[in-house]
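Protein chains in written order, with my numbering: chain G, 1 to 302; chain W, 1001 to 1302; chain P, 2001 to 2302; chain H, 3001 to 3302. Even for Gly, the Cβ is constructed at its ideal location relative to N, Cα and C. Reading through the structure tokens given below for one structure.
Number of protein chains: 4
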Amino acid sequence: MSPTTSRTHAQAGDIAMLVSAQNKRFLVRLTPDHKLETHRGILPHNDLIGQSWGSRVRSHLDSPFVLIQPTLADLLMETRRNTQIMYPKDIGFILVTMGIGPGQLVIEAGSGSGSFTTALAHAVGPQGRVVSYDIRPEMQRLALKNVSLAGLAERVTFKEKDILAGFDEAGEGAADALFLDVPFPHEYAAQAHAALKPGGSFGSILPTTNQVSTLLVALKRAGFAFIDVCETMLRYYKTVPERLRPTDRMVAHTGYLIFARSVLPEAGELLNQETSRRRGKAMQSEDIEPAEDIEQDEDERA
Amino acid sequence: MSPTTSRTHAQAGDIAMLVSAQNKRFLVRLTPDHKLETHRGILPHNDLIGQSWGSRVRSHLDSPFVLIQPTLADLLMETRRNTQIMYPKDIGFILVTMGIGPGQLVIEAGSGSGSFTTALAHAVGPQGRVVSYDIRPEMQRLALKNVSLAGLAERVTFKEKDILAGFDEAGEGAADALFLDVPFPHEYAAQAHAALKPGGSFGSILPTTNQVSTLLVALKRAGFAFIDVCETMLRYYKTVPERLRPTDRMVAHTGYLIFARSVLPEAGELLNQETSRRRGKAMQSEDIEPAEDIEQDEDERA
Amino acid sequence: MSPTTSRTHAQAGDIAMLVSAQNKRFLVRLTPDHKLETHRGILPHNDLIGQSWGSRVRSHLDSPFVLIQPTLADLLMETRRNTQIMYPKDIGFILVTMGIGPGQLVIEAGSGSGSFTTALAHAVGPQGRVVSYDIRPEMQRLALKNVSLAGLAERVTFKEKDILAGFDEAGEGAADALFLDVPFPHEYAAQAHAALKPGGSFGSILPTTNQVSTLLVALKRAGFAFIDVCETMLRYYKTVPERLRPTDRMVAHTGYLIFARSVLPEAGELLNQETSRRRGKAMQSEDIEPAEDIEQDEDERA
Amino acid sequence: MSPTTSRTHAQAGDIAMLVSAQNKRFLVRLTPDHKLETHRGILPHNDLIGQSWGSRVRSHLDSPFVLIQPTLADLLMETRRNTQIMYPKDIGFILVTMGIGPGQLVIEAGSGSGSFTTALAHAVGPQGRVVSYDIRPEMQRLALKNVSLAGLAERVTFKEKDILAGFDEAGEGAADALFLDVPFPHEYAAQAHAALKPGGSFGSILPTTNQVSTLLVALKRAGFAFIDVCETMLRYYKTVPERLRPTDRMVAHTGYLIFARSVLPEAGELLNQETSRRRGKAMQSEDIEPAEDIEQDEDERA
């Protein structure tokens, strides 16, 4: 949560979320004398400031709303965007897998709409720093806007720069973690390795399998190891206790996640040697999938 | 990362991970004059202290290992446990969905093996606090051990207490977020509501659908709204660029996730009223699923 | 395919599918002198009869279409419906799991919109028979219509009857397989068992977990064994070779599938005895999930 | 079911499945004077012949078993195999999607272990025919063995032939459907098109995304349209009514399924033209995923 948020009551400067009875949501930064215009009436901020979080308030048309603090996930899903956002289900898993936490220096490229930037800024805390690279000034304007909406702008440095030439961060000033959300991340694998401290965490997200294959080749060449590729899926349930069941639809794909760790050359050789050796053994029967012992136990069939 | 970790080189007091060529992993806290005994030889800590992270080191049998810092996910998966752990894929999503971040006060019950406690302590940063309740002293001993291994023990208060009698936290000292990982969370819904600040985040994880239904009833009674039930699934891919494909097996179920927000009574009535109204309309044709317009577009069939 | 379908060229009486360039699909039964009116012009059937399957034809507005035979899946997805259909992904799995094939006698209740009836009629072949029960005449009218559209009506007997009183089939005339697609299948478990030959296959589909639990209890009481509960999920990919990736959306839930086999009483006791014994052992630590050895191999994490 | 199976009682010549109390399964073809040796005693076939299906029988050590007919799915999962089998979840969906049914002529290559051959033979009925190509005689020996075990050998013709030279079937003798389960199906796309009747169904299964991309290119060149790529996933549940939950593990990947229809040249051009046109429009913003309107309704988030 932004450090300006009161713990029990809304205060001027807080970011608030108003939720109508039909679950329509509005995000505002509470400012004295400002007002929120909704389809169901006007809500003067002065009527909200000082109210308890989680309380019911009313518009001038007497339409009820619930006043509540947005969580990070709420902020992420509500931000204005001009490009594909990253979803909470991926963001959470990325943060934990890459070990991003308070006090760290984290690089991202590009800036996108600032939703992931916001999540990074949230996670690194007041002692941490996020450096966000992009070559498109209009992107960074939107990203800065959204990061400010979350009250986290002071932790973020935007750099309008082409990362093909490399990142500024290196050596003693190298980053703990670096995330690439760009169309051709493989072109920056070496630059990423140079900007990460030894053992630093790399991450990326890509829409197609073709791009994943390309990035895998580049990562191994650039001195990365512990490479993982995965995807997460999230399914919601209807919350009627006596008729519990999944919803009808779900998001099928938000991207493939790629993770790796920066290592020193002999360490990279060590790990790649072993992988090649194991891969070699498999190669002979790779064309025809070898017979697998499928456990026919109670738990598992297909 | 623990604040005692050097950014580029391993230092005494750091938690280190040693990875063999066959990907066997060992966690140690680097201590002068101590040694790590592995199946492939002994690694004196003195040989590791001062080495660059991501470098290759050798046991006394000349067997190679990579020295690298464990991320949060690494710590979570390697901890000794005597009960079901929570997985990184759920932990990340829980932290983002519940908006848990630096400076917060977060309550959890039970303490489990301390893996989730570690994740919470990591996320709240040096200014935050985690209070972990359990009635089983042996649980808390293990949890404390694992939280200490991560270097985060000073942020965590363990309370050996039966939460049926309620949590200590309330009013001005109420928590920002509260997570229940116990067999019968519905028995503590009211206590949880009392311990959360208004608008605070509630979360729980349960193995069976029956338990989810029971908790849903209790949450609505206890003054919670914005209730969600969901599950995440994670699938890994084999990282061979020219033969990209998912792995053969995956974890099918780690638990159902339940989230909610604490609201004031009239806010709860408002939101439940609307849900009931919509539910009532649906009820008439509920026995036979009503005809649905299934979009027959390129994207979606079944 | 219906026996009236020519193998290479469309003939009068065939069911044909016309597909526009924008993938809009139309089903017709080819009849001399009839015509198909589309949003892109009229297609007289006389112009289609005698054309090769898989050929391009044109409407009177010169708009092109492809003339092709609908597969079973095409028929299922295009049928008019007034209730939830069963999807091809479930139908295929049900047919294989229940072993439904040529020459069999299969019972279903209710008749639904006839899409599953069509699939059953297709699978049992000219020597088989499907008996379809429902208490709603309007349902059976629609079902008969759709089964006739597929040219399979002669294999199906519709019975307007309340199955609470039992099925007509029994003893020597008992069914090989029986499928219940009704809101409260647990009320008919005993009747189903009586209508199945010994060792016969039972199947059902239900939307909620609550209903599944109820059915499981009833099935065990009614003398069924080898009980399975499962769900299938299907995800499509965009078919661009150089940008291969899943579609954005997918169907999240079509129902839980329940399968069982009819056995004699002592066989039922034998299998349930063993299950209870194993269940009893687990019960002691059931409240707290026992520690599981999660394989930490390359393939599987969460 | 095999036509030799009695509907209520086991007879000589039937294929039977014996299931122990611990769910260990044994398949036998009932033959007078033969016996089945199990880890829990001997079961003379003479003691089984004439018994009711679904009854309890005992070994000479008085150990109980249930005598039941195997369904197709049971046969598939129990066959001896020397290569990757195809799973029931895929087989069912393939049969329905490709519209394979009684009376058809279906080609497959390779023969594999005969499990899919068995499913095809089952589905085409006594009037249908399956032609199974392979260049490895040992494969066909095993396949014939397994197809015979199911009592369906008379519907299957095995041809030991390299399909690079083309299939025998063409023109009036062309197939209704053709399935390729080989490592490099793209090499046979033209041959497959020649062996299918116009409008005929093509199907294939491949383990890697790379292979899928390659096949997509070949299919479009060879005159196929209506091309789909998809994958199915199946998850089982533990069948305890009061503790309903998914199992812990599941199969993550059995292969990508590719389907297509054979069309005439101008029809292929028509459909590919449209697809290219739509693809061209998308290309400009393809590098950066365009902003999508994600429905933020109750059902769907990520």
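Residue contact with chain G for Thr-3209(H): present (Cβ-Cβ distance below 7 Å to some residue of chain G). Scanning the segment 1090 to 1157 of chain W for uninterrupted beta strand (DSSP E) segments of 3 residues or longer gives 1105 to 1109, 1129 to 1134, listed from N- to C-terminal end. Buried is the label assigned to Ala-3143(H), since at least 16 other Cβ atoms lie within 10 Å of its Cβ. DSSP places Gly-2171(P) in the helix class (H, G or I) of the three-state scheme. Nearest neighbour of Val-1229(W) by Cα position, chosen from Gly-1223(W), Phe-1202(W), Thr-1247(W), turns out to be Phe-1202(W). Within the model, the alpha-carbon separation for Leu-2271(P) versus Ala-2225(P) is close to 7 Å. The beta carbons of Leu-36(G) and Ser-55(G) sit about 16 Å from each other, so the pair does not count as a contact at 8 Å.
Three or more beta-carbon pairs separated by less than 8 Å link the segment 185 to 198 of chain G to the segment 164 to 177 of chain G, which places the two stretches in contact. Residues of the same chain with a CB within less than 8 Å of the CB of Gly-200(G), apart from the 5 flanking positions on each side, are Ala-174, Ala-175, Asp-176, Ala-177, Leu-178, Arg-261, Ser-262 in chain order. Closest by C-alpha distance to Glu-1242(W), out of Leu-216(G), Tyr-236(G), Met-250(G), is Leu-216(G).
Excluding residues up to 5 positions away in sequence, nothing lies with its Cβ nearer than 8 Å to the Cβ of Gln-2022(P) in the same chain. Close to Ser-2213(P), with beta-carbon spacing below 8 Å, are these residues of chain W in chain order: Thr-1209, Asn-1210.
Taken through DSSP and simplified to helix, strand or coil, Gly-203(G) comes out as strand. Contacts with chain H at 7 Å (Cβ-Cβ) include Ala-2073(P). When DSSP states are grouped into helix, strand and coil, Gly-2054(P) belongs to the coil group. It is roughly 12 Å from the alpha-carbon of Leu-1076(W) to the alpha-carbon of Asp-1090(W). Distance between Tyr-3237(H) and Leu-1264(W), taken at the CA atoms: about 38 Å.
With a contact defined as Cβ atoms closer than 8 Å, Val-3147(H) and Val-3124(H) miss out at about 12 Å.
Per DSSP, reduced to three states, the secondary structure at Thr-3214(H) is helical.
Listed in chain order, the non-local C-beta contacts of Leu-164(G) below 6 Å within the same chain number zero, local neighbours out to five positions each way being set aside. Taking a beta-carbon distance threshold of 7 Å, Arg-3249(H) counts as an interface residue toward chain W. If you compare the alpha carbons of Thr-2117(P), Asn-2046(P), Ser-2111(P) with that of Pro-2137(P), the shortest gap goes to Ser-2111(P). Within the same chain, Leu-2219, Ala-2260 come within 6 Å of Ile-2227(P) by CB-CB distance, once the 5 residues on both sides are set aside.
The continuous alpha helix (DSSP H) containing Ala-189(G) extends over residues 189 to 195. Counting C-beta atoms within 10 angstroms of its own C-beta, Leu-3061(H) has fewer than 16 neighbours from the protein chains shown and is therefore classed as exposed.
Annotated three-state conformation of Asp-3181(H) is coil, per DSSP.
With respect to the 7 Å criterion, Gly-3268(H) and Gly-3223(H) are classified as neighbours on the basis of their beta carbons. Separation of Phe-3026(H) and Val-3019(H) (C-alpha to C-alpha, rounded to the nearest whole angstrom) is 7 Å. For Ala-150(G) against Ile-15(G), the beta-carbon gap comes to about 7 Å, under 8 Å, which counts as contact. Counting the other CB atoms within 10 Å of its CB gives Glu-2266(P) a total below 16, which places it among the exposed residues.
Excluding the 5 residues flanking it on each side, Ile-2205(P) has same chain C-beta neighbours closer than 6 Å at Asp-2181, Gly-2255, Leu-2257, in chain order. For Met-1233(W), the secondary structure class from DSSP, reduced to helix, strand or coil, is strand.
Listed along the chain, the chain H residues whose CB falls inside 7 Å of the CB of Arg-1243(W) are Thr-3208, Asn-3210. Phe-3093(H) places its beta carbon 7 Å or farther from that of Ser-3132(H). Residues are counted here when their Cβ sits less than 8 Å from a Cβ of chain W; for the segment 100 to 113 of chain G these are Gly-101, Pro-102, Gly-103, Gln-104, given in chain order.
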